[in-house]
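Numbering (the working numbering), first residue to last: 139 to 385. Each residue gets a CB set at the ideal place from its N, CA and C atoms; glycine is no exception. A quick note: this is a predicted structure, and the numbers were derived from the prediction, not measured.
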Amino acid sequence: MLLLVVCVAACVALLWYTLVFFVIPALVQYNGTLALLWHDVIVERSLDWLTRSTRPQRLLTHVKQRARRGDAQSVITTIDDYCRAREWAMNVGDEKGSILDQVVCEVSPDVALELGTYCGYSSVRIARLLPPGARLLTVEFNHDYATVAREVVCEVSPDVALELGTYCGYSSVRIARLLPPGARLLTVEFNHDYATVAREVQLLEGASGDLIPQLRQKHGIETLDFIFLDHWKDRYLPDTRLLENPF
């Protein structure tokens, strides 16, 4: 009798797992409304209740456990794997991410702006491709998302690197291109004519409509070379208009 109960329970569990992680996601993936209802309402709230944590917190825990600290690509791959195998999340993902990579490389922006940080996935993705001396400002309205994003960015360490002897910047460029978001390269050169390299990622917490008008006066932004809109869709047009005025 006990064996029968165990077998039935195992079959039910297997059926539930198959439905939740394979069948239903496959059925709703081509319908945006159903996909959001399933992933963001049913699955997310169920897991929040069962684990007493939020999806961003679970994603961060997975990154800390699996990603190689200091390796931006490892963090990106770890998040992609988590979203494929465990939970869908509002990241740009690897397919659209490759398009984003291509555009960032083509533009090679000195100053980039991201609206909608979420958990920091696209921030890491963009920042790893920025040229030396570039800045990325990323805006997030949700405090909980911003908190997780900061930790995700911090996973891509080291935080500070030091080079003694810059010369014309060759080795600085080689080092800086591999530094994580938020990292600083301090490079010392006696000759004033030789260049230094720095990379900066700054997370601004608050509403995009409030922060955009402050970019010039408060953050010293005169021009923006690259803007990635990935926040609320109804803010795309008004925020674009706001960006056109000061820039």
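Contact under 7 Å by Cβ, residue i with residue j
i: E233; j: A284; result: no
i: G258; j: V291; result: yes
i: V249; j: L381; result: no
Inter-residue spacing [alpha-carbon to alpha-carbon] between residue i and residue j
i: G208; j: V294; result: 4 Å
i: A210; j: L198; result: 14 Å
i: E289; j: R183; result: 23 Å
i: A272; j: K356; result: 18 Å
i: G144; j: L274; result: Reading off the sequence shown, one finds Val at residue 144, where the question assumed Gly. Rounded to the nearest angstrom, the two C-alpha atoms are 54 Å apart.
i: I180; j: E225; result: 12 Å
i: R222; j: Q195; result: 17 Å
i: F366; j: D282; result: 21 Å
i: P136; j: T171; result: Outside the shown range of the chain, which is 139 to 385, sits residue 136, and nothing can be said about it.
i: F364; j: N280; result: 23 Å
i: D297; j: L141; result: Note that D297 has pLDDT 45, beneath the 50 cutoff, so the model's placement of it is unreliable and the number below is only indicative. Distance between the alpha carbons of D297 and L141: 55 Å.
i: D377; j: N229; result: 20 Å
i: G235; j: Y220; result: 15 Å
i: L153; j: T189; result: 21 Å
i: L128; j: H200; result: Residue 128 cannot be examined here, being either before or after the span of the chain that is shown, 139 to 385.
i: W370; j: Y256; result: 11 Å
Beta-carbon proximity list for residue i, same chain, < 6 Å, skipping 5 on both sides
i: M139; result: none
i: V277; result: L253, L342, S346 and L349
Burial state of residue i, where buried means 16 or more other Cβ atoms lie within 10 Å
i: I237; result: exposed
i: C149; result: exposed
i: L349; result: buried
i: D368; result: buried
i: A147; result: exposed
i: L302; result: For L302, the predicted model reports a pLDDT of 47, less than 50, meaning its position is unreliable; a value from the coordinates is still stated below. Classification of L302: exposed, given that the 10 Å Cβ count is below 16.
i: D372; result: exposed
i: N383; result: exposed
i: L375; result: exposed
Close beta carbons around residue i, own chain, < 7 Å, minus the five adjacent residues each side
i: E360; result: R354
i: K202; result: E293
i: A205; result: S212, V213, T216 and E293
i: T192; result: D186 and D282
Residue i at chain D interface by Cβ criterion, 7 Å
i: Q340; result: Considering every chain present, this structure includes no chain D. It has just one protein chain.
Same chain, Cβ closer than 8 Å to residue i, five either side skipped, listed in chain order
i: F328; result: Any reading at F328 needs caution, since the residue's pLDDT is 46, under 50, leaving its predicted position unreliable; the model's value is listed next. Correct list: empty, nothing qualifies.
i: G231; result: D218 and C221
**Message:** Check whether the segment 257-273 and the segment 339-347 are in contact - that is, three or more C-beta pairs closer than 8 Å.
**Reply:** Enough Cβ pairs lie closer than 8 Å, so yes.
**Prompt:** Should the segment 238-248 be regarded as contacting the segment 214-222, the criterion being three or more beta carbon pairs within less than 8 Å?
**Reply:** As far as the Cβ criterion goes, the segment 238-248 does not touch the segment 214-222, which means the pair count is below three.
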